[in-house]
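Heads up: the structure comes next, in structure tokens.
There are 2 protein chains.
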Amino acid sequence: MPLRPTDAEHIRHLSFFRASTDATFDKAIAGGFLQKFPAGTTLLMEGDTVDFLYILLEGSVELGAGWKSKDTTLAILRPVSTFILAAVVLDADALMTAVTLERSEILMVPGESLRRAMKEDAEFCFAVSEELSGCYRGLVRSIKNHKLRDSTERLANYLLTQRARQGGKIEIVLPHEKRVLASLLGMTPENLSRAFLKLQAQGVTVDGARVRLEKVTALERLARPSPLIDNHFAQPRNELGKAHTERQKGLLDGKGSA
Amino acid sequence: MPLRPTDAEHIRHLSFFRASTDATFDKAIAGGFLQKFPAGTTLLMEGDTVDFLYILLEGSVELGAGWKSKDTTLAILRPVSTFILAAVVLDADALMTAVTLERSEILMVPGESLRRAMKEDAEFCFAVSEELSGCYRGLVRSIKNHKLRDSTERLANYLLTQRARQGGKIEIVLPHEKRVLASLLGMTPENLSRAFLKLQAQGVTVDGARVRLEKVTALERLARPSPLIDNHFAQPRNELGKAHTERQKGLLDGKGSA
DNA sequence: CGTTTAGTTGAGCATGCTCAACGGTCGTGG
DNA sequence: CCACGACCGTTGAGCATGCTCAACTAAACG
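So the sequences go chain by chain: A and B.
Here the first sequence is numbered in the numbering used here, starting from 1 and rising by one per residue.
Here the second sequence is numbered in the numbering used here, starting from 1001 and rising by one per residue.
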């Protein structure tokens, strides 16, 4: 569908469009459209030429990559996230495959429109640069998480991140299937099970998708969350509260762009 | 030193300054200066506030990070590379520590100057976005390299990348100490030794820093280099030959920015 | 009901790490 | 000039983390 004005107004307040002028906004999304995809749809394969910037508005999307019959998950996105921004800016091929995990609603913006708007409006271009920088730092965090922590530590920190995001309650709900979570955390489903068992000593009990964290301090002592890796610490916001704009999310369950 | 005009003219042609106007260039590097550092100097620790964009002109710099008494190398930079660009754009704290590996010459540009120039000149801002996008994609490649390949495969691909960069000769020279190389490839020095031994079957012989690749096809069969991971494939350049600008380097021995 | 799929549990294995010892090289200082 | 020490690189032995493969359970779905 060719993007109704009401949708446009909604999108207007998302991501790096917030700060743009009406004229730039119209230019940037010229030719854009909203589309719904069922679960399991491959939006883009690594190596494909990228014609659109994708903005996930509903559902969830997995970014992954493969080599020699191996596959790995690089990120899982939830709304509102852009993806493959970097490839769009460079007009280059995708480095990651994007697949919907659930029925998803996605705004597709022609790369050419976005690049033109960037080149004509420095304010807007700077906002896109901020978005790109946030994506970059999300990746750096993700690498540090994987190279410096073992699988149990990654799970512990993931649980604490979810806790912070879900309001600090004693019980959290896992937002993904455990197999997907395992892949996101860089382990096999078998090892995720075993990691949960190990965390029983830190007061973690599991019942399906519901996880209770009874001894948060013990869990934190093992997890040692750090603002230089995890992204669930209080975000500095400027006076207007319009986020300065590194994202709330980090990359583990965060955002990406190829 | 406060950046002599001759140096400025030299820098003028580097990185994302190439396409900028004189006025923007002057604005961007206002207050910048050139500085030399001995080997082993810590330029920046993770968590520090970032006041300058760094541009490496001579020498080499390691970007690393630590957690709970573990440390890891994220990238090794060679000239000409920017680093911590993303932190500068967001005016945020550094996520990585930067240390000189050799005596190095580095241009330091005040973040405020750079940001102001970006906000006033859309062309320039777009060029910085392209740089950021290249950094981002370098990181994606690095993650894929680490998650999809074992240590021997990473070494094999590293050797092929060096071969391509050094002109395809039968003998290449390792540009770093083996301990540094090991860290870059995500393994211990001990395992790097053993990985070299394994590659003897593929015609790889080592004599100090000099490595001979006698059976390149056998090595390639094991390494299976891919344009979606490695960055040593022919770069598409536009008619003007002015690189479209994803970098020649990739991130393994490439570029980064926090 | 049978079938399928997610999740768990166990056994064995592989990759990579730690720790220790040793050889070689280089730079310093006697 | 030589002796010593520091450090890089290599090699070996043992260990740990995480993976594979297989069996089994439970819930979902036709």
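Where a beta carbon is used, it is the ideal one built from N, C-alpha and C, also for glycine.
Classify residue i as helix, strand or coil using the three-state DSSP reduction.
{"i": "B:P1189", "result": "helix"}
{"i": "A:L213", "result": "strand"}
{"i": "B:M1108", "result": "strand"}
{"i": "B:D1071", "result": "strand"}
{"i": "B:A1098", "result": "strand"}
{"i": "B:T1021", "result": "coil"}
{"i": "B:L1014", "result": "coil"}
{"i": "B:L1077", "result": "strand"}
{"i": "B:D1230", "result": "coil"}
{"i": "A:D7", "result": "helix"}
{"i": "B:A1028", "result": "helix"}
Beta-carbon separation of residue i and residue j under 8 Å?
{"i": "A:G138", "j": "B:L1090", "result": "no"}
{"i": "A:L43", "j": "A:V80", "result": "no"}
{"i": "B:Q1035", "j": "B:M1108", "result": "yes"}
{"i": "A:L101", "j": "A:S142", "result": "no"}
{"i": "A:T82", "j": "A:S20", "result": "no"}
{"i": "A:A86", "j": "A:E46", "result": "no"}
{"i": "A:I106", "j": "A:H176", "result": "no"}
{"i": "B:E1220", "j": "B:L1160", "result": "yes"}
{"i": "A:K119", "j": "B:A1023", "result": "no"}
{"i": "B:N1145", "j": "B:I1011", "result": "no"}
{"i": "A:A39", "j": "A:R103", "result": "yes"}
{"i": "A:E214", "j": "A:I170", "result": "yes"}
{"i": "A:K147", "j": "B:T1217", "result": "no"}
Answer yes or no: does any C-beta atom of chain B fall closer than 8 Å to that of residue i?
{"i": "A:E130", "result": "yes"}
{"i": "A:T72", "result": "yes"}
{"i": "A:S20", "result": "no"}
{"i": "A:I229", "result": "yes"}
{"i": "A:F126", "result": "yes"}
{"i": "A:L148", "result": "yes"}
{"i": "A:A65", "result": "yes"}
{"i": "A:S226", "result": "yes"}
{"i": "A:L287", "result": "Here chain A comprises residues numbered 1 to 258, so residue 287 of chain A is not present and cannot be evaluated."}
{"i": "A:F16", "result": "no"}
{"i": "A:G111", "result": "no"}
{"i": "A:L252", "result": "Caution applies to A:L252, whose pLDDT of 40 falls short of 50 and renders its modelled position unreliable; the value that the coordinates give is listed next. With 8 Å as the cut-off, A:L252 does not count as an interface residue toward chain B."}
{"i": "A:V89", "result": "yes"}
{"i": "A:S133", "result": "yes"}
{"i": "A:R237", "result": "Because the pLDDT at A:R237 is just 43, under 50, the model does not fix this residue reliably, and the value given afterwards should be weighed accordingly. Closer than 8 Å: no."}
{"i": "A:D48", "result": "no"}
{"i": "A:Y136", "result": "yes"}
{"i": "A:H13", "result": "no"}
Taking the alpha helix (DSSP H) that residue i belongs to, which residues open and close that run?
{"i": "A:G134", "result": "122–148"}
{"i": "A:V88", "result": "85–90"}
Hey, does residue i have any beta-carbon neighbour from chain A nearer than 8 Å?
{"i": "B:E1102", "result": "no"}
{"i": "B:E1062", "result": "no"}
{"i": "B:M1118", "result": "yes"}
{"i": "B:D1026", "result": "no"}
{"i": "B:K1144", "result": "yes"}
{"i": "B:D1007", "result": "no"}
{"i": "B:M1096", "result": "yes"}
{"i": "B:I1121", "result": "Here residue 1121 of chain B turns out to be Asp, not Ile, going by the sequence shown. B:D1121 counts as touching chain A."}
{"i": "B:K1198", "result": "no"}
{"i": "B:K1068", "result": "yes"}
{"i": "B:A1195", "result": "no"}
{"i": "B:A1201", "result": "no"}
Can you tell me where the beta strand (DSSP E) holding residue i begins and where it ends?
{"i": "B:E1177", "result": "Counting along the chain, B:E1177 falls outside any beta strand (DSSP E), and DSSP gives it neither H nor E."}
{"i": "B:Q1162", "result": "Element bounds for B:Q1162: not the beta strand (DSSP E) but the alpha helix (DSSP H), 1151–1165."}
{"i": "B:L1057", "result": "1052–1058"}
{"i": "B:Q1035", "result": "1033–1037"}
{"i": "B:L1043", "result": "1042–1044"}
{"i": "A:T205", "result": "204–207"}
Does the contact criterion of 3 or more C-beta pairs under 8 Å hold for the region 1054–1065 of chain B versus the region 1165–1172 of chain B?
Contact between the region 1054–1065 of chain B and the region 1165–1172 of chain B is absent, because fewer than three Cβ pairs lie under 8 Å.
At least three beta-carbon pairs within less than 8 Å, the region 1219–1229 of chain B to the region 1174–1189 of chain B:
Segments in contact, no.
Is there contact between the region 124–132 of chain A and the region 59–73 of chain A, where contact requires at least three CB pairs shorter than 8 Å?
Judged by pairs of C-beta atoms under 8 Å, the region 124–132 of chain A does not touch the region 59–73 of chain A, as fewer than three such pairs exist.
Three or more C-beta pairs under 8 Å: does that hold for the region 24–34 of chain A against the region 1204–1216 of chain B?
As far as the Cβ criterion goes, the region 24–34 of chain A does not touch the region 1204–1216 of chain B, which means the pair count is below three.
The region 1145–1156 of chain B touching the region 1197–1207 of chain B, judged by at least three CB pairs closer than 8 Å
Between the region 1145–1156 of chain B and the region 1197–1207 of chain B there are three or more C-beta pairs closer than 8 Å, enough to call the two in contact.
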